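What follows is a set of notes on a single structure, which appears directly below.
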Amino acid sequence: MACTAETLAAALRAAAAVIAEHRAELVDLDRAIGDADHGENMDRGFTAIVSALDSATPETPAAVAKLAATTLISKVGGAAGPLYGTAFLRASVKLGDAAEVDGALLVEALRAALEGVQARGKAVGGDATMVDALIPAVSAAEEAAGSGVAEILTAAADAADKGAESTVDLVPRKGRASYLGERAKGHMDPGARSTALLLRAFAEAAK
Amino acid sequence: MKKIINDPKTVVAESLRGLAAAHADVLRVEDDPAIVVRVDAPLDGKVAVISGGGSGHEPLHGGFVGQGMLAAAVPGAVFTSPTPDAVEAAVKATTGDAGALLIVKNYTGDVLNFETAGELAAAEGLDVRSVVIDDDVAVKDSTYTAGRRGVGGTVLLEKITGAAAERGDTLDAVEALARKVIGQVRSIGVALTAPTVPHAGEPSFDLADDEIEFGIGIHGEPGIERTAVVTADELVARMVEAVVTDLPFAEGDKVLLFTNSMGGTPLVELYLAHGIAERLLAERGIVVERRLVGPYITSLEMQGMSLTLLKLDDELTELWDAPVNTPALRWGV
Chain Z
1 MACTAETLAA ALRAAAAVIA EHRAELVDLD RAIGDADHGE NMDRGFTAIV SALDSATPET
61 PAAVAKLAAT TLISKVGGAA GPLYGTAFLR ASVKLGDAAE VDGALLVEAL RAALEGVQAR
121 GKAVGGDATM VDALIPAVSA AEEAAGSGVA EILTAAADAA DKGAESTVDL VPRKGRASYL
181 GERAKGHMDP GARSTALLLR AFAEAAK
Chain S
208 MKKIINDPKT VVAESLRGLA AAHADVLRVE DDPAIVVRVD APLDGKVAVI SGGGSGHEPL
268 HGGFVGQGML AAAVPGAVFT SPTPDAVEAA VKATTGDAGA LLIVKNYTGD VLNFETAGEL
328 AAAEGLDVRS VVIDDDVAVK DSTYTAGRRG VGGTVLLEKI TGAAAERGDT LDAVEALARK
388 VIGQVRSIGV ALTAPTVPHA GEPSFDLADD EIEFGIGIHG EPGIERTAVV TADELVARMV
448 EAVVTDLPFA EGDKVLLFTN SMGGTPLVEL YLAHGIAERL LAERGIVVER RLVGPYITSL
508 EMQGMSLTLL KLDDELTELW DAPVNTPALR WGV
């Protein structure tokens with residue numbers, strides 16, 4: 001099954017519901033090592049995406065992704081706004097004017113999103129950030145590139161879950177958590193967790 | 208959580224409405240995106256000094272908007288940096304041919320959003336520069352961390368660059384001055400309690416009654432070290448030691464000493480601590496020439512304090528003394 005503007009919009013609505021459901025969990029994860037705003041900010045951003053989708057009907061998957069990007073950049077603030085905004089923006093550019101996204105194009109878009117996040121946030125694997133969920137997710141997606149959209153996204157979500165788990169044992173080197181140094185060990189990075197949640201929501205929506 | 212609020216989602220907007228009502232002679236508040244601007248903006252022929260960041264640090268930054276200080280402030284959600292379009296709106300509302308200087312505290316979110324805003328403004332032909340302040344000696348400045356945080360020094364930086372802009376300095380000059388101030392200001396903070404972010408509903412970290420956090424930032428993040436409660440003499444000595452040895456400040460240096468409440472520490476304790484700091488600096492031969500004592504860069508209702516030292520020269524002293532008319536700082540007018 002390929003992904004159209006309509007299915008991507010539906011996936012974003014599903015993601016908004018998942019983020020709302022996990023809002024308190026993300027706040028708690030952030031409370032442990034940061035300033036307790038990640039769940040609130042993500043919820044505000046994805047609620048705004050749903051409102052934007054209610055009042056506009058973007059015609060291509062790229063236009064849907066771009067709408068999500070600009071909404072996140074202008075509504076979220078913090079580090080999450082520019083980072084997730086950049087991810088959707090770079091994915092949107094990669095999607096071009098395609099009316100349908102097949103597995104191969106999806107993998108390219110995921111790779112572009114990862115590269116965008118890394119360029120903006122300057123984080124590498126092992127820094128205990130959302131990148132620790134995204135890198136394995138993109139690698140898993142690339143390995144599954146021959147299959148359908150739902151299978152690729154499921155492989156990516158599985159890998160992102162493991163990647164998010166791996167941040168528990170890391171000493172953060174980026175963002176506010178880095179100020180804690182060794183004291184931040186033992187806590188999952190909230191950005192890695194939200195990345196894993198989003199990919200899982202997309203995978204479920206694609207089934 | 209007990210707070211004087213209606214709804215966590217409307218705290219910032221409702222607070223800004225009150226700020227505007229209380230200080231309509233100096234500033235106005237614009238909605239969507241929310242920005243605080245000088246009542247006489249846009250400024251003609253003068254550099255617009257603009258700052259911003261998460262709310263919850265009042266009076267920073269909206270309380271420093273006015274003649275002789277900030278042209279505009281951009282408030283984000285509580286403890287969350289503002290979005291690029293809000294920063295861009297502040298630039299457009301205040302900036303003329305003389306350009307604008309953005310003062311950014313070194314936090315990942317602030318840096319990312321202000322960076323993007325600067326690019327947007329530059330694309331519209333406005334001359335916008337930015338400086339990043341990173342005065343917190345608690346954090347090791349290393350390529351493996353986000354670097355030192357911007358804390359108390361921000362208040363002094365905003366006052367001094369605002370005064371330079373007010374007297375008509377060029378953007379080049381104001382930017383160079385900002386970099387000089389950033390080079391010679393250092394801070395350290397401690398927390399006795401954690402703040403409660405309205406939307407989180409519970410304290411940002413758990414701290415026992417007999418513990419303090421040493422080396423905190425301004426966002427309710429834990430400090431670099433948790434230690435037992437000590438006397439004020441011991442605590443302030445440790446804070447002075449951390450700040451003085453970092454730059455380092457030396458015998459004979461003239462300084463501004465800024466003793467700041469994080470929001471929940473009353474003035475009786477703050478003056479007590481300030482007195483100790485003055486004595487310890489005098490013992491080291493460091494000459495305190497100017498002072499600022501009070502809650503100026505806070506972390507909601509957190510009990511705690513910070514100490515900031517700025518090395519002064521004649522120019523910085525003159526700019527510090529220059530008239531200022533804002534809700535939170537007002538003299539010479």
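Protein chains in written order, with our numbering: chain Z, 1 to 207; chain S, 208 to 540.
A virtual CB, placed ideally from N, CA and C, is assigned to each residue, including glycine.
Predicted model only: the values in this text are computed from it and were never measured.
Other residues of its chain near residue i: CB distance less than 6 Å, five sequence neighbours each side excluded
i       : result
P190(Z) : L26, L29, D30 and H38
K207(Z) : A150
G357(S) : K312, N313, I340 and D341
A32(Z)  : H187
L8(Z)   : P61 and V64
F606(S) : Residue coverage of chain S in this structure runs from 208 to 540, which leaves residue 606(S) outside it and unanswerable.
A128(Z) : T167, L170, P172 and D189
A328(S) : E295, V298 and V335
I135(Z) : G125
V346(S) : R355 and R356
T71(Z)  : A48, I49 and A52
L507(S) : G263, P402 and G470
Proximal chain S residues relative to residue i, where beta-carbon distance stays under 7 Å
i       : result
R120(Z) : L319
A79(Z)  : T315, G316 and L319
R193(Z) : The contacting residues do not exist; R193(Z) stays about 16 Å from chain S at best.
V27(Z)  : A407
K174(Z) : T315 and A353
G34(Z)  : E428
R183(Z) : P429
P58(Z)  : Those within 7 Å of P58(Z) in chain S number zero; the least Cβ separation is about 20 Å.
P82(Z)  : L319, N320 and T323
Contact list for residue i against chain S, beta-carbon separation under 9 Å
i       : result
I73(Z)  : T290, P291, D292, N320 and T323
G45(Z)  : Ordered by position in chain S, no residue passes the 9 Å Cβ test against G45(Z), which lies about 10 Å from the chain.
P190(Z) : Here the premise fails: no neighbours, minimum Cβ distance about 12 Å.
R31(Z)  : V404, A407, E409, P410, S411, F412 and G427
P136(Z) : Correct list: empty, because the minimum Cβ distance to chain S is about 22 Å.
DSSP three-state assignment for residue i, whether helix, strand or coil
i       : result
L364(S) : helix
L147(Z) : Checking the sequence shown, residue 147(Z) turns out to be Ser, not Leu. Here S147(Z) sits in coil by DSSP.
A398(S) : strand
I212(S) : coil
A435(S) : strand
I425(S) : coil
V64(Z)  : helix
E100(Z) : coil
T533(S) : coil
T57(Z)  : coil
P405(S) : coil
V540(S) : coil
P172(Z) : coil
R374(S) : coil
V76(Z)  : coil
V131(Z) : helix
V117(Z) : helix
V392(S) : strand
8 Å Cβ cut-off: residues of chain Z touching residue i
i       : result
P282(S) : What P282(S) touches in chain Z: nothing, since even the nearest Cβ is about 10 Å away.
Closer than 8 Å at the beta carbon, the chain S residues around residue i
i       : result
Y179(Z) : A345, V346, T352, A353, R356, G424, E428 and I431
Neighbourhood of residue i by C-beta, 8 Å cutoff - its chain only, sequence neighbours within 5 removed
i       : result
D132(Z) : G125, G126, G163, A164, S166, T167, L170, D189 and A192
L95(Z)  : T60, P61, A62, A65, V101, L105 and A109
Own chain, CB closer than 7 Å to residue i, minus 5 neighbours either side, in chain order
i       : result
V495(S) : V462, L464, E485 and L488
F286(S) : G261, G263, V404, H426 and G427
K253(S) : A305, A372, E373 and G375
S147(Z) : G103
Contact list for residue i against chain Z, beta-carbon separation under 7 Å
i       : result
T217(S) : Under the 7 Å cutoff, chain Z gives no residues; its nearest Cβ is about 12 Å from T217(S).
T287(S) : D37, N41, G77 and G78
Listed by chain order, chain Z residues near residue i by CB distance under 9 Å
i       : result
T515(S) : Here the premise fails: no neighbours, minimum Cβ distance about 18 Å.
Pick out the complete beta strand (DSSP E) segments inside the segment 234 to 281 of chain S, 3 residues or longer, and give them in chain order. 234 to 237, 242 to 245 and 255 to 262
Scan the segment 447 to 531 of chain S and note each continuous alpha helix (DSSP H) run of 4 residues or more that stays entirely inside, going in chain order. 474 to 490 and 521 to 528
My parser needs the alpha helix (DSSP H) runs of 4 or more residues fully inside the segment 181 to 206 of chain Z; what are they? Fully enclosed alpha helix (DSSP H) runs of 4 or longer: 190 to 206.
In chain order, what are the residue ranges of uninterrupted beta strand (DSSP E) at least 3 long that sit wholly in the segment 280 to 358 of chain S? 307 to 312 and 335 to 340
According to a CB-to-CB cut-off of less than 7 Å, which residues of the segment 89 to 120 of chain Z neighbour chain S? R120
Please name the residues in the segment 384 to 416 of chain S whose beta-carbon is closer than 7 Å to at least one beta-carbon of chain Z, in chain order. Contact annotation: in the segment 384 to 416 of chain S, residues whose CB is within less than 7 Å of a CB in chain Z are V404, H406, A407 and S411.
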